[in-house]
Amino acid sequence: AVANTLAALQFGIAKVDAAVGGVGGCPFAGPGVSGNVATEDVVQLLHGLGVETGLDLLRLSEAGQWLSSVLQKGNGSRAGPATLRRHAPGHAQPRPQTAAPSGFTSG
């Protein structure tokens, strides 16, 4: 679904439907079909492309996790749980590299 969102953006589509935690979807879609594309996944895509959304990915991820637990349903987002893990207490934040790693050569 995220790949389809990227393709839509490339064709000039400016609005897509998404849902926190990927919940929802069509009840007539059939068995094995997941819900909507997760808002967290779309926001991560947009931020990665340099698009300013005004949305806080961490807060969205927290909302998706909360909603999934209330609904007793698996979180349909990939970016949400990964964001929560990155911000978990005790998780070492990666340091930005200022130089090429040892042994790396370009050219």
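Residue numbers (this note's numbering): 6 to 112. By construction, the Cβ of each residue, glycine as well, lies at the ideal position given by its N, Cα and C atoms. Keep in mind the model is a prediction, meaning the values are calculated, not measured.
Can you tell me whether residue i is helix, strand or coil according to DSSP?
i, result
"A2", "With the chain covering only 6 through 112, there is no way to say anything about residue 2."
"A34", "coil"
"A19", "coil"
"P106", "Low confidence applies to P106: its pLDDT is 47, below 50, so where it sits in the model is not reliable enough to give any reading."
Looking at the secondary structure, which residues open and close the alpha helix (DSSP H) in which residue i lies?
i, result
"T58", "No alpha helix (DSSP H) contains T58, which DSSP labels as neither H nor E."
"R91", "84-91"
Give the single residue among the options whose Cα lies nearest to the Cα of residue i.
i, options, result
"L62", "W71, L72, L54, V48", "V48"
"A87", "S74, E67, K78, P32", "E67"
"H92", "L65, S39, Q15", "L65"
Only counting the same chain, and skipping five residues up and downstream in sequence, which positions put a Cβ closer than 7 angstroms to that of residue i?
i, result
"R83", "D46"
"L76", "V28"
Leaving aside the five residues before and after residue i along the sequence, list all residues of the same chain whose C-beta is less than 6 angstroms from its C-beta, in chain order.
i, result
"E50", "At residue 50 the sequence reads Leu, which differs from the Glu that was named. Excluding sequence neighbours, L50 sits near V7."
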